[in-house]
Amino acid sequence: MQAEIIRVGILGAGGLGQAAAQILAQKQEMQLVAIADRSGFAFDAEGLDATAVLQASMTQGSVGYTPGAGTFTSDAIRALIERSHDVDAFFIALPNLPNDFIPGVIHNFAQAEYDGVMVDALKRTGAVELVFKLDPLLSAVGMTYITGAGATPGLLTAAAALAAQSFQEILKVEIYFGVGISNWDAYRATIREDIAHLDGFDVERVSEMTDEEIEVELDRRNGILELVNMEHADDVILEHAGIVDRKQVTVGGIVDTRSPKKPVSTNVKVTGKTFEGKMSTHVFTLGDETSMAANVCGPVFGYMKTGIWLNRRSIHGVFSSADLMPRFVQ
Ligand code: NAD
Numbered sequence: 025m026q027a028e029i030i031r032v033g034i035l036g037a038g039g040l041g042q043a044a045a046q047i048l049a050q051k052q053e054m055q056l057v058a059i060a061d062r063s064g065f066a067f068d069a070e071g072l073d074a075t076a077v078l079q080a081s082m083t084q085g086s087v088g089y090t091p092g093a094g095t096f097t098s099d100a101i102r103a104l105i106e107r108s109h110d111v112d113a114f115f116i117a118l119p120n121l122p123n124d125f126i127p128g129v130i131h132n133f134a135q136a137e138y139d140g141v142m143v144d145a146l147k148r149t150g151a152v153e154l155v156f157k158l159d160p161l162l163s164a165v166g167m168t169y170i171t172g173a174g175a176t177p178g179l180l181t182a183a184a185a186l187a188a189q190s191f192q193e194i195l196k197v198e199i200y201f202g203v204g205i206s207n208w209d210a211y212r213a214t215i216r217e218d219i220a221h222l223d224g225f226d227v228e229r230v231s232e233m234t235d236e237e238i239e240v241e242l243d244r245r246n247g248i249l250e251l252v253n254m255e256h257a258d259d260v261i262l263e264h265a266g267i268v269d270r271k272q273v274t275v276g277g278i279v280d281t282r283s284p285k286k287p288v289s290t291n292v293k294v295t296g297k298t299f300e301g302k303m304s305t306h307v308f309t310l311g312d313e314t315s316m317a318a319n320v321c322g323p324v325f326g327y328m329k330t331g332i333w334l335n336r337r338s339i340h341g342v343f344s345s346a347d348l349m350p351r352f353v354q
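Anchor point for the sequence shown: position 72 equals 96 in our numbering, and the numbering is continuous, going up by one each time.
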């Protein structure tokens, strides 16, 4: 029997949205049917040609130019909500500026009684806390929602949840990531949101900065962002899953916006005490050749498949990457 094909929508067609469309073009079990950006959307319930969508987005600046499937509108998210009965699952690859933007989008889907699956790659603790609060609403509507399902939070948080099993008590979880991109322009929201973690900046301030101001800030730092003690949702996700107190989770990293080479290897270290009283640390390190896009979008689709599996069994509400494991998408 042929496996059912999951019809996927992507909200946002920037760095991650485009990478997600490219990945879907290589999958047999999932089919891109909808994608939105700030200027328009492309939709075809029978399936979009991912190459045509990418060409429209990369060379003409909007998925609205997709031949035969594209439309221009200033409210592409609303347009996809109206077509959501033909979409099994959505990946939210939008900027989360301000902090309640994505929670607001989820709320709008719930108000329209969308009862499929939604997955995000949210990063901030405060944003994920807002999503957790939507649990009663999403449960009532019949939506299955998975939050923090990118790389960090996401792949590394799930790895920490698994590594924790060796221990009776978890003492600390340390996440350190390296990201290398050749041009900040390709991942505008990601870089803006990272700058918001630097001393003297916050989400409100970076939301109001122009692209030129961001470039000046990057120039001042030779394109390198060094991030320490970030307000990163791995903490609340691991706490919510009952693994460790959020205070014992630290996240930092280095982002090079001028070279695709990773400045440091991304890893998570989980330190704990075993039932025999021995202290030890598990380390999980990602391969340096894997890009940010591969480490975010891969888990997103793996969690989406898990979400579909739960949704078909009438399991609804908000879950996190540490609550569940991603299933592999062929
Ligand atoms: P980007 O700036 O490259 O792209 C954002 C896209 O959203 C663009 O296509 C833009 O047109 C579209 N958009 C913006 N406002 C919109 C609106 N109102 N309606 C429709 N479309 C709209 O962003 P990116 O760098 O790809 O990042 C996307 C998100 O992924 C960010 O929130 C970032 O924090 C997150 N992220 C998570 C991880 C992780 O590991 N968890 C890693 C990297 C990025």
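Heads up, the beta-carbon is just placed ideally off N, CA and C, and yes, glycines get one too.
Going by DSSP, what residues sit across from residue i in a beta bridge?
i    : result
K196 : T295
D144 : I116
A66  : I59, G94
I34  : I59, F115
G204 : D280
H256 : R148
M349 : Looking at the DSSP assignment, M349 forms no beta bridge with any residue, so it has no partner.
M54  : I30
E228 : Paired residue(s): none; E228 is not in a bridge.
Given that a residue counts as buried once 16 or more other Cβ atoms are within 10 Å of its Cβ, and exposed if not, what is residue i?
i    : result
E193 : exposed
A164 : exposed
D144 : buried
E217 : buried
I339 : exposed
S283 : exposed
H109 : exposed
V57  : buried
G92  : exposed
Q42  : buried
M54  : buried
P160 : exposed
Between the alpha carbons of residue i and residue j, how many angstroms are there, rounded?
i    : j    : result
M25  : Q354 : Interpretation of M25 is limited by its pLDDT of 45, a score under 50 that renders its predicted location unreliable; the figure taken from the coordinates is listed afterwards. Using only the alpha carbons, I get a separation of about 15 Å.
A60  : N319 : 22 Å
D312 : T290 : 8 Å
F133 : R31  : 17 Å
Q52  : F299 : 44 Å
M303 : V294 : 11 Å
I101 : F114 : 11 Å
A184 : A175 : 12 Å
I219 : F225 : 7 Å
L118 : A44  : 12 Å
A317 : M82  : 16 Å
E250 : Q135 : 40 Å
Q359 : S63  : Outside the displayed range of the chain (25 to 354) lies residue 359, so it cannot be described from this structure.
D243 : W333 : 46 Å
D209 : G301 : 49 Å
I29  : F96  : 28 Å
D347 : A265 : 6 Å
R351 : T330 : 6 Å
I267 : A188 : 7 Å
Any heavy atom of the ligand NAD within less than 6 Å of residue CB: hits in chain order: For the ligand NAD, the residues with a Cβ under 6 Å from any of its heavy atoms are, in chain order, G36, A37, G38, G39, L40, G41, A60, D61, R62, A100, I101, A117, L118, P119, N120, A145, K147, G174, A175, T176, P177, G178, Y211, R212, A213, T214, E217, M316, V320.
What residue ranges within the segment 134 to 183 form continuous beta strand (DSSP E) runs of no fewer than 3 residues, ordered along the chain? Whole beta strand (DSSP E) segments, 3+ residues: 141 to 144, 168 to 171.
Return the chain-ordered ranges of every alpha helix (DSSP H) run that is complete within the segment 274 to 342 and spans a minimum of 4 residues. Segments of the alpha helix (DSSP H) lying fully in the segment 274 to 342: 316 to 336.
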